[in-house]
Amino acid sequence: MTVMARFSLQGKRAVVTGGTRGIGFALACALAEAGAAVTITGRQPATLATAVAALRAQGHQAEGRVLDVTQTAAIRHCLSDLGEVDILINNAGMEQICPSLDADEALWQSIIDTNLRGAFFCAQTVARGMAQRQGGTIINLCSLTSAVGVPGAAAYGSSKSGLAGLTRALSTEWAAQGIRVNGIAPGYFETEMTAVFYQDEAWVRGMQARIPLGRFGELEDLAGAVVFLSSPAARYITGQILYVDGGYLAAI
Ligand code: NDP
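If you read the sequence shown in my numbering, its first letter stands for residue 319, the second for the next number, and so on.
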């Protein structure tokens, strides 16, 4: 097999949770371009239908499923119903910046349930089939907060640090079943989730100055990472977190 052929996802089925917009949608496009049949999930039928139509308009094989990843029974129903899944991208996530002296139980519960607990049960559900077939790959969307502290992000940072730990734990536990588990940690990317930061000009100037490559991330900057880690080109890589951050972390 040539080296370029190893990057092909032809014949694979990928699921991207939270694939209706932002990073998840960009990852779904990249996987589909590499040949995978893609299922995206989201909570709202209308935005889901729009995103699926956009993928199909680009000539991709795509379908959508309504799924709230905080609902474990719904995860089981939705992902089991899909049949064989070769690639799972645990992307669905939320962030709410809140001073820790004010954070309440509801905030902690929603962030942990979405970003960490949901990711685990999605992984567990697809891993049962992957283990039977002795093959599959899972990618968890981590964050700079998997590695560094950010004020006001105690719950979010805990969820993403937990996700990095989950990545390492599952990678060791499921390696014998042929399942690779890795993480992608985007740096600063402007999406609906982070839009509020980009309205602050002083923040934008200060942050840009701290990124060695001199700019914020563009969604297509994540395409190579997700295709690579999902593909046979990465067949000996598991338990790793790939930071796609323009060098931000290296400069701290
Ligand atoms: P967006 O808010 O733009 O998109 C989030 C996606 O997740 C949407 O498709 C949303 O769909 C879905 N979602 C949210 N909650 C749930 C839920 N309970 N069940 C199912 N789907 C849900 O965020 P981003 O694209 O910015 O972020 C994507 C991932 O990347 C997240 O995990 C985030 O933490 C991570 N990340 C983002 C960074 C950035 O700079 N943007 C940096 C580092 C990490 P819907 O609302 O329709 O359900």
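Here a beta-carbon is modelled for each residue, glycine too, at the ideal position from N, C-alpha and C. Computed from a predicted model, the values in this text were never measured in an experiment.
(request) Figure out for me which residue from G535, A372, A323, G496 has the closest Cα to the Cα of R446. (result) Here the question's residue 446 lines up with position 128 in the sequence shown. The shortest Cα separation from R446 among G535, A372, A323, G496 belongs to G496.
(request) Would you decide whether G377 is buried or exposed? Buried here means 16 or more other CB atoms lie within 10 Å of its CB. (result) Here residue 377 corresponds to residue number 59 of the sequence shown, with the count starting at 1. Exposed.
(request) Note down, one range per segment and in chain order, each beta strand (DSSP E) of at least 3 residues found wholly within the region 396 to 450. (result) 405 to 408
(request) Determine the direct distance from the alpha carbon of A449 to that of T455, and round the result to whole angstroms. (result) The residue you call residue 455 lines up with position 137 of the sequence shown. The residue you call residue 449 lines up with position 131 of the sequence shown. If you take the alpha carbons of T455 and A449, they lie about 11 Å apart.
(request) Could you spell out the range, first to last residue, of the alpha helix (DSSP H) harbouring G337? (result) Start at 1 with the first residue of the sequence shown, and residue 337 comes out as number 19. No alpha helix (DSSP H) contains G337, which DSSP labels as neither H nor E.
(message) Just to confirm the assignment: which complete beta strand (DSSP E) runs, minimum length 3, are found wholly within the region 325 to 380?
(response) 331 to 334, 355 to 360
(message) Does the beta-carbon of L406, which I'm using as the reference point, lie nearer than 7 Å to any heavy atom of the ligand NDP?
(response) As a working mapping, residue 406 is identified with position 88 in the sequence shown. No.
(request) Look at the Cβ atom of T485, then the Cβ atom of G501, and state whether they are nearer than 8 Å. (result) To locate residue 485, count along the sequence shown from 1; it is residue 167. To locate residue 501, count along the sequence shown from 1; it is residue 183. For T485 and G501, yes; Cβs fall inside 8 Å.
(request) Below 8 Å CB to CB, which residues in the same chain sit around A473 once its five sequence neighbours on both sides are set aside? (result) Taking the sequence shown and counting its residues from 1, one reaches residue 473 at position 155. Cβ neighbours of A473 beyond the five flanking positions: Q414, C416, A421, L425, W426, I429, I430.
(request) Work out the CA separation of L419 and A380 for me, nearest whole Å. (result) The residue labelled residue 380 in the question sits at position 62 within the sequence shown. The residue labelled residue 419 in the question sits at position 101 within the sequence shown. Taking the straight line from one Cα to the other gives about 44 Å.
(request) Return yes when at least one heavy atom of the ligand SAM lies under 7 Å from the C-beta of E402, else no. (result) Ligands in the displayed structure: the ligand NDP; the ligand SAM is not one of them.
(message) For a test of the three-state rule: what should DSSP assign to L531, helix, strand or coil?
(response) What you label residue 531 is simply residue 213 of the sequence shown in a count that begins at 1. In this structure, L531 counts as coil in the three-state DSSP scheme.
(request) Given a cut-off of 8 Å, decide if S548 and L327 are closer than it, judged by their beta-carbon atoms. (result) Within the sequence shown, numbered from 1, the residue matching residue 327 stands at position 9. Within the sequence shown, numbered from 1, the residue matching residue 548 stands at position 230. It is a contact, given that the beta carbons lie within the stated cut-off.
(request) Return the chain-ordered list of same chain residues with a C-beta closer than 6 Å to the C-beta of C396, the five sequence neighbours on each side being excluded. (result) Position 78 of the sequence shown, counting from 1, holds the residue named residue 396. Closer than 6 Å at Cβ, skipping near neighbours: R383, L385.
(request) Alpha carbon to alpha carbon, how far is E536 from T338? Give it in angstroms, no decimals. (result) The residue given as residue 338 occupies position 20 in the sequence shown. The residue given as residue 536 occupies position 218 in the sequence shown. Approximately 17 Å, taken between the alpha carbons.
(message) Taking only three categories from DSSP, how would you classify P504?
(response) As a working note, residue 504 is residue 186 in the sequence shown. Correct three-state label for P504: strand.
(request) Compare the beta carbon distance of D563 and A503 with 8 Å and say whether it is the shorter of the two. (result) Taking the sequence shown and counting its residues from 1, the one referred to as residue 563 is at position 245. Taking the sequence shown and counting its residues from 1, the one referred to as residue 503 is at position 185. Yes, the pair counts as a contact, with Cβ atoms nearer than the cut-off.
(request) Mark T320 as exposed unless 16 or more other C-beta atoms lie within 10 angstroms of its C-beta, in which case mark it buried. (result) Taking the first residue of the sequence shown as 1, we reach residue 320 at position 2. Under this definition T320 is an exposed residue.
(request) With a threshold of 7 Å, establish whether the CB of A482 neighbours any heavy atom of the ligand NDP. (result) What you label residue 482 is simply residue 164 of the sequence shown in a count that begins at 1. No, the Cβ of A482 stays beyond 7 Å of every heavy atom of the ligand NDP.
(request) Work out the CA separation of G340 and E402 for me, nearest whole Å. (result) Along the sequence shown, one-based indexing puts residue 402 at 84. Along the sequence shown, one-based indexing puts residue 340 at 22. Each residue's alpha carbon lies about 26 Å from the other.
(message) Is D539 close to the ligand NDP? I mean its beta-carbon at under 7 Å from any heavy atom of the ligand.
(response) Taking the first residue of the sequence shown as 1, we reach residue 539 at position 221. The answer is no for D539.
(message) To the nearest angstrom, how far is the alpha carbon of L488 from that of G557?
(response) Locating residue 488 in the sequence shown gives position 170, counting from the first residue. Locating residue 557 in the sequence shown gives position 239, counting from the first residue. Roughly 8 Å separates the two Cα atoms.
(request) Please go through the same chain and pick out, in chain order, the residues whose beta-carbon is closer than 8 Å to the beta-carbon of I393, but skip the five residues on each side of it. (result) By 1-based counting over the sequence shown, the position of residue 393 is 75. Around I393: L385, V387, G436, F439, C440, T443.
(message) If you reduce the DSSP assignment to three classes, tell me which class Y566 lands in.
(response) Reading the sequence shown from its first residue, position 248 is the one you call residue 566. Y566: coil per DSSP, three-state reduction.
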